[in-house]
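Written below as structure tokens is the structure these notes are about.
Chains as they are written, first to last, in this note's numbering: chain A, 1 to 112; chain B, 1 to 114.
See the structure below:
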């Protein structure tokens, strides 16, 4: 079963704008990860936030985590056409099994 | 460092036929995952190995799907017999057990069952 649910399911923006996508999950986690998937390709890891962290930055990426609400958000600033892809949140479930469960994904389109 | 290798990249079979996918994880990665990704959906975990032992196979349709990881390195995923609804991309991923939590994915095998 899917653990995470991204919101919105699709987003279309202009180059230079910021894109925000949200992820809600159901059970306790060790960490939450965001991945990107270009059409027809494998998934690429973007950023990870641990359960005891609230915010992390990496380049143009900013991720937040609210464990009380079981939600996370990913912000991509100054978007580029190359950011066009599907984005997935994945939860590393608590318990030591290292089971990695993905959400349904969000399709981001950045128009030049 | 070489990435996760998967083969074949594409496969078309008729329903009721059998098919096998192969995955070679990154060297030293003890944890290996197989995911099924149906078009427009997120990856669904089918089975997770740690070395050659199964950690989780709760969503593997065991009446038709099987997977093995002999010697704790390469892995194969088999479907026998295939159904139309098995059409999907099958993704293999690996990670260091107990190390950095991010998983590394192969390019996937796109299966079409006709």
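Backbone N, C-alpha and C define an ideal beta-carbon position, used for all residues, glycine too.
Check: Is the beta carbon of residue 16 of chain B within less than 7 Å of some heavy atom of the ligand NAD?; Outcome: The model on display carries no ligand, and the ligand NAD is accordingly not part of it.
Check: Please name the residue in A:105, A:91, A:25 and A:82 whose C-alpha comes closest to that of residue 13 of chain A.; Outcome: A:82
Check: What did DSSP end up calling residue 104 of chain A once you bin it into helix, strand or coil?; Outcome: coil
Check: In chain order, what residues of the same chain lie with their CB nearer than 6 Å to the CB of residue 110 of chain B, ignoring the 5 residues before and after it?; Outcome: 10 and 89
Check: For the putative contact between residue 106 of chain B and residue 91 of chain B, defined by C-beta atoms under 8 Å, what is the C-beta separation to the nearest angstrom?; Outcome: 7 Å
Check: Which residues in chain B have a C-beta closer than 7 Å to the C-beta of residue 26 of chain A? List them in chain order.; Outcome: Ordered by position in chain B, no residue passes the 7 Å Cβ test against residue 26 of chain A, which lies about 14 Å from the chain.
Check: Would you mind giving the Cβ-Cβ distance between residue 19 of chain A and residue 108 of chain A, rounded to the nearest angstrom? I have them listed as a contact below 8 Å.; Outcome: 6 Å
Check: Hey, would you say residue 87 of chain B sits closer than 8 Å to residue 113 of chain B, going by beta carbons?; Outcome: yes
Check: Can you confirm whether residue 68 of chain A, when its beta carbon is compared against all beta carbons of chain B, has any partner nearer than 8 Å?; Outcome: no
Check: Using a beta-carbon distance below 8 Å, is residue 77 of chain B in contact with chain A?; Outcome: no
Check: For the putative contact between residue 43 of chain B and residue 102 of chain A, defined by C-beta atoms under 8 Å, what is the C-beta separation to the nearest angstrom?; Outcome: 5 Å
Check: If the cut is a Cβ gap below 7 Å, which residues of chain B does residue 95 of chain A touch?; Outcome: None at all; the shortest Cβ gap to chain B is about 11 Å.
Check: Spatial neighbours of residue 72 of chain B within its chain, please: CB distance less than 6 Å, with the 5 preceding and 5 following residues excluded, ordered by chain position.; Outcome: 51 and 52
Check: Starting from residue 89 of chain B, follow its DSSP beta bridges and name the residues at the other end.; Outcome: B:37 and B:110
Check: Considering only residues of the region 23 to 77 of chain A, which uninterrupted beta strand (DSSP E) runs meet the minimum length of 3 residues and lie entirely inside it, listed in chain order?; Outcome: 29 to 37, 43 to 50, 55 to 58, 61 to 66 and 71 to 76
Check: With 8 Å set as the bound, which would you pick, yes or no: does the beta-carbon of residue 43 of chain B sit closer than that to a beta-carbon of chain A?; Outcome: yes
Check: Assign residue 6 of chain A to buried or exposed, taking buried as 16 or more other Cβ atoms, counted over all protein chains shown, within 10 Å of its Cβ.; Outcome: buried
Check: Taking residue 45 of chain A as the query, report the chain B residues whose CB atoms sit under 8 Å from its CB, ordered along the chain.; Outcome: 102, 103 and 104
Check: Given a threshold of 16 other Cβ atoms within 10 Å of its Cβ, counted over all protein chains shown, does residue 40 of chain B qualify as buried or as exposed?; Outcome: exposed
Check: Report the three-state DSSP secondary structure of residue 70 of chain B (helix, strand or coil).; Outcome: helix
Check: Starting from the Cα of residue 51 of chain A, find the closest Cα among A:112, A:106, A:86 and A:91 and give me that residue.; Outcome: A:91
Check: Residue 56 of chain A touches chain B at which residues, Cβ-Cβ below 9 Å?; Outcome: The premise fails here: residue 56 of chain A is roughly 13 Å from chain B at the closest Cβ pair, so nothing lies under 9 Å.
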